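Novice: Supplied in structure tokens, the structure appears directly below.
Residue numbers (the working numbering): 6 to 116.
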């Protein structure tokens, strides 16, 4: 269920007050009120969203853009992390190899 409207909220699009009897929704990322007409939300969608619990989130146009950018960034970070982990594995294997060679040389010297 969307949060209750208080008297001090304005529509982020038209800047007009969002009254308790207005048909409006809150963007789940921006947490700003939007009249459904300002966001072109069909009445059937509005009714469905207002009857649902908080498990269904509504994204205004700004929220959709922000969430898409965030998803792209997370994908890039994940890819870079995978690359970094591969490099760390290579460095670890190289160090292990060098340690082994040093141990062999140390034992040859001590003989």
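The C-beta atom is built at its ideal place from N, Cα and C for all residues, glycine as well.
A quick note: this is a predicted structure, and the numbers were derived from the prediction, not measured.
Measure the C-alpha to C-alpha separation of residue 59 and residue 52 and round it to an integer number of angstroms.
Specialist: Answer to the nearest angstrom: the Cα atoms are 14 Å apart.
Novice: Can you tell me whether residue 17 is buried or exposed, with buried defined as 16 or more other CB within 10 angstroms of its CB?
Specialist: Classification of residue 17: buried, given that the 10 Å Cβ count is 16 or more.
Novice: Straight-line CA distance for residue 55 to residue 27?
Specialist: Distance between the alpha carbons of residue 55 and residue 27: 12 Å.
Novice: Just verifying my parser: in three-state terms, what is the DSSP assignment at residue 14?
Specialist: Residue state, collapsed to three classes: coil.
Novice: Could you spell out where the beta strand (DSSP E) holding residue 31 opens and where it closes?
Specialist: Element bounds for residue 31: 29-31.
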